[in-house]
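Trainee: With the sequence shown counted from 1, adding 27 to any position gets you our numbering.
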Amino acid sequence: MTEQTGAQTHEFQAEVSQVLSLVINSLYSNKEVFLRELISNSADALDKLRFSAIAEPALLPAGYAARIRLIPDEQAHTLTIADNGIGMSAESLVKDLGTVAHSGTKQLVQQLKAAGDTKNDLRLIGQFGVGFYSGYLVADRIDVISRAAGSDKAWKWSSDGRQSFTVEAAERDEVGTSVVLHLKEDQHDFEREWRLRELVTRYSDFISHPIELSVKRGKTGEEETSLEVVNRANALWTRPEKEIEDAQYDEFYKHLTHDYEAPLARTHFHVEGTQMFTGLLYLPKRAPFDFGDPEVKHGVRLYVRRVFIMEQCDELLPRWLRFVRGVIDSDDLPLNVSRELLQDSAVVRTIKKQVTRRVLDLLGKIAQDRPDDYLEFWKQFGAAIKEGLHFDPSYADKIAPLVRYETSAETGAENGVKDGFTSLAEYVKRMAEGQTKIYYAQGPSKALIAGSPHLESLKKRGYEVLYMTHGIDQWALEGLREFDGKQLCDAMQEDTGETDKPKDETEKAASETESRELTPLLSRVKSVLAEHVSDVRISERLTDSPACLVIPKGGLPAHIERLIRAQQGNLPEQKRILELNPKHAIVTRMRDEHARAAESPLLSEWIELLYDQALLAEGSPLPDPQRFSKRFVALLQNATVSS
Ligand code: ADP
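Here it is, written out as structure tokens:
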């Protein structure tokens with residue numbers, strides 16, 4: 028691109044056009060948000076310049092004062108938002124304003140297109156923020172004139188927001204960016220002084236840089252233009268809590284996150300002591316669309332004595348609290364702090380501990396005071412919180428009361444089950460007489476676990492079972508071995524100890540006979556299935572099913588094993604223990620067949636079938652479905668012939 032040859036035309040990346048039409052369609056009744064978005068971008072640009080200047084003071088000219096200007100022009104019908112921030116080079120203009128940077132956004136837009144669902148647009152737009160393109164809510168053309176810090180060249184980007192944009196050389200006296208909105212015919216409201224004042228007060232009062240509005244004063248024909256600061260220009264978190272209205276807190280959150288929705292909750296605190304710092308932290312209502320993407324950083328902003336240092340500073344909070352957004356402003360860190368320095372700073376460790384505690388307290392308070400909201404929150408972010416049990420077991424005491432699981436108990440306000448979910452405390456309250464442990468079972472879905480044979484005798488006793496369906500549950504359990512003095516017990520593991528009630532003499536005698544009679548069959552089964560199972564035993568947990576596979580102590584649930592194998596490939600197969608129900612007709616028939624002919628080939632077929640059936644019953648895939656199907660057909664044929 029040569030600067031003399033005039034404008035270069037570029038096509039918007041396909042996703043940009045889609046984001047644009049999404050913004051315009053979903054926010055048409057809320058057009059004024061554009062001002063908040065553009066002011067936020069300017070404020071970020073000022074913060075970035077101030078930060079770069081810490082290392083490179085020459086970037087700031089003598090007498091530099093950061094500010095944002097709003098310049099309405101009632102003749103030209105334009106509104107200009109100008110800042111003297113970091114600015115953009117020609118390359119940045121093309122990239123930042125012509126492409127959608129994040130792959131997650133692309134996916135989201137693709138999904139939206141496929142769904143063709145406009146009803147959800149508003150919800151989705153909240154997930155990825157509105158940003159620069161919201162200017163097209165009120166403008167039919169936008170020019171962006173920008174000069175990057177450290178450069179003496181300026182560039183103009185221009186587009187009607189349809190297919191393409193142009194970039195050409197331009198003039199600009201100082202470093203920074205001017206966004207010129209050519210207002211639509213019906214949007215001239217946004218040239219008016221009162222309207223702009225009102226919007227700044229509502230949306231951007233807390234921006235820590237001055238926002239200057241260009242105003243005209245004097246008689247018609249002799250007006251003079253002057254600049255008036257229309258915001259309070261001190262950072263919101265520095266103000267006393269009681270002077271801040273909820274709406275202002277919410278607007279600040281939207282400014283930080285570009286979230287379209289108000290946050291779920293916040294906590295604002297000043298810590299004095301060995302470390303002095305201020306925190307203003309928020310919990311979002313909804314997970315951002317890219318929350319599950321490990322590449323994407325989430326976190327809070329770090330300021331040092333009101334100076335912006337970095338975005339998404341994940342050193343300030345453990346990763347399992349990565350949904351928290353907000354600001355930490357430290358009085359003690361040096362201004363030229365780098366990520367490396369943060370990583371082994373004692374100051375940061377102290378802050379992190381305090382902040383973690385505050386967030387956990389806030390979560391506890393919401394769980395207590397607003398249980399419905401909390402459950403919705405848990406459904407979005409619970410998986411992240413559970414990671415804390417694994418990575419930071421020292422917080423387990425604070426995390427355990429926050430955890431919610433799906434459960435076998437009926438939903439109902441009177442028994443504390445909400446939408447199928449329970450807390451551990453509520454579980455303990457409901458425990459049956461004689462029950463000493465908290466039972467859980469893991470599997471790929473609630474339906475599969477609920478129907479699995481392992482739970483038969485627990486259900487019969489009226490013992491409740493927690494359903495753990497998330498991959499992280501297995502690891503989270505490491506930090507959650509007991510709750511309220513009750514051990515957590517895997518219903519699918521060998522030896523759950525659920526039959527801790529002593530048997531009476533007749534029962535004992537009966538089960539001894541049973542096991543004596545079954546012993547020969549058990550060894551036959553073990554030799555036929557030697558490749559698949561580590562042992563074969565008589566089950567105490569089955570009532571209706573003939574067999575089930577249980578996990579040896581400390582072993583992995585089958586679905587987790589499959590998951591790890593799919594990811595890493597090299598996990599050696601873990602053999603489980605086959606349990607047989609001594610009272611089941613199939614098992615007694617097998618016992619009799621074995622007594623009739625110990626080497627019976629028919630018996631081998633039955634044993635293999637029984638093993639496959641146990642896999643099916645728990646929702647595991649069969650190693651060889653075709654063999655199963657052949658055996659099954661043969662069995663039916665035999666059954667038909669002999670009856
Ligand atoms: P977001 O702010 O969420 O990244 P935007 O579409 O609002 O998305 O902006 C895209 C990018 O363009 C920003 O990340 C920033 O790099 C750049 N940008 C926007 N406005 C300005 C500005 N006033 N000064 C400097 N850079 C800007």
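Don't be surprised by glycine CBs; every beta carbon is placed ideally from N, CA and C. Bear in mind the structure is a predicted one, so any value in this text is a computation, not a measurement.
1. On the three-state DSSP scale, how would you describe F192?
2. Please report the straight-line C-alpha distance between V455 and Q514, rounded to a whole angstrom.
3. Roughly how many whole angstroms lie between the Cα atoms of V43 and Q595?
4. For D517 and A474, I'd like the C-alpha separation in whole angstroms.
5. Quick one: is V555 near chain B, going by C-beta distance under 7 Å?
6. Are the Cβ atoms of L451 and Y466 separated by less than 7 Å?
7. Would you mind sorting A440 into buried or exposed? The rule is 16 or more other CB atoms within 10 Å of its CB.
8. Taking a contact to mean a Cβ-Cβ separation below 7 Å, would you say L97 touches A166 in this structure?
9. What's the gap between the Cα of G478 and the Cα of Q407?
10. Confirm, please, whether the CB-CB distance from V382 to L344 is below 7 Å.
11. Please tell me whether I604 and S561 are closer than 7 Å, where the distance is taken between their beta carbons.
12. Measuring alpha carbon to alpha carbon, tell me which of G114, M617, S185, S173 ends up nearest E38.
13. Identify the residues that DSSP records as bridge partners of H209: which are they?
14. What would DSSP say about V323, mapped onto helix, strand or coil?
15. Tell me the residue span of the alpha helix (DSSP H) that contains Y638.
16. If we call anything under 7 Å between Cβ atoms a contact, is T204 one with G114?
17. Only counting the same chain, and skipping five residues up and downstream in sequence, which positions put a Cβ closer than 7 Å to that of A176?
18. Run through DSSP, which three-state label would D399 get?
19. So what does R603 bridge to, in DSSP terms?
20. Let me know the secondary structure DSSP gives T615 once reduced to three states.
21. Can you give me the C-alpha to C-alpha distance between G158 and V351, rounded to a whole angstrom?
22. For a test of your reading of the model: does the CB of G158 fall under 6 Å from any non-hydrogen atom of the ligand ADP? Yes or no.
23. Does DSSP put A117 in a helix, a strand or coil?
24. May I ask which residues mark the beginning and end of the alpha helix (DSSP H) holding W184?
25. Give the secondary structure of G162 by DSSP, where H, G and I count as helix, E and B as strand, and everything else as coil.
26. Does the separation of the CB atoms of A292 and I393 fall below 7 Å?
27. Can you grab the Cα-Cα spacing for the pair T449 / D396, in whole Å?
28. Please list the terminal residues of the continuous beta strand (DSSP E) segment that includes S479.
29. Between D123 and the ligand ADP, is the CB less than 6 Å from at least one heavy atom?
30. Check the C-beta distance from L416 over to G506 and give it rounded, since I have them as a contact under 8 Å.
31. Is T193 near the ligand ADP, in the sense that its beta carbon is under 6 Å from a heavy atom of that ligand?
32. Let me confirm a value: G326 is counted as buried when at least 16 other C-beta atoms fall within 10 Å, else exposed. Which label applies?
33. Can the beta-carbon of V227 be found closer than 7 Å to that of V257?
34. Identify every residue that forms a DSSP beta bridge with S450.
35. Pick out the complete beta strand (DSSP E) segments inside the region 260-343, 3 residues or longer, and give them in chain order.
36. Could you check whether the Cβ of G112 sits closer than 6 Å to any heavy atom belonging to the ligand ADP?
Mentor: Here's the rundown:
1. Of the three classes helix, strand and coil, the one that applies to F192 here is strand, per DSSP.
2. Rounded to whole angstroms, V455 and Q514 show a C-alpha spacing of 11 Å.
3. Between V43 and Q595, the C-alpha separation is close to 37 Å.
4. Computed Cα separation, rounded: 17 Å.
5. You won't find chain B in this structure, because it holds only one protein chain.
6. No, they are not a contact pair.
7. It counts as exposed.
8. Not closer than 7 Å, so no.
9. Our two residues, G478 and Q407, have alpha carbons roughly 26 Å apart in a direct line.
10. Against a cut-off of 7 Å, the Cβ pair of V382 and L344 comes out as a contact.
11. Cβ atoms of I604 and S561: closer than 7 Å.
12. Minimum Cα distance to E38 is reached at S185.
13. According to DSSP, H209 bridges with T105, R168.
14. V323: coil per DSSP, three-state reduction.
15. Run containing Y638: 628-644, per the alpha helix (DSSP H) assignment.
16. Yes, these two residues count as a Cβ contact at 7 Å.
17. Correct list, in chain order: L76, S79, L86, I113, G114, V202.
18. In this structure, D399 counts as helix in the three-state DSSP scheme.
19. DSSP links R603 through a beta bridge to V560.
20. T615 falls in the helix class under three-state DSSP.
21. Going by the C-alpha atoms only, they are around 21 Å apart.
22. Yes, Cβ of G158 sits closer than 6 Å to a heavy atom of the ligand ADP.
23. A117 falls in the helix class under three-state DSSP.
24. Careful: W184 lies outside any alpha helix (DSSP H), inside the beta strand (DSSP E) at 181-186.
25. It is helical.
26. Taking 7 Å as the Cβ cut-off, A292 and I393 qualify as a contacting pair.
27. T449 and D396: Cα-Cα distance of roughly 16 Å.
28. From DSSP, S479 is part of no beta strand (DSSP E); its letter is neither H nor E.
29. At least one heavy atom of the ligand ADP lies closer than 6 Å to the C-beta of D123.
30. Rounded, the Cβ-Cβ distance is 3 Å, consistent with contact.
31. For the ligand ADP, not one heavy atom lies less than 6 Å from the Cβ of T193.
32. Buried, by the Cβ-count rule.
33. Yes.
34. Under the DSSP definition of a beta bridge, S450 partners with R431.
35. Listed in chain order, the beta strand (DSSP E) elements of length 3 or more contained wholly in the region 260-343 are 292-298, 304-310, 327-331, 334-340.
36. For the ligand ADP, at least one heavy atom lies less than 6 Å from the Cβ of G112.
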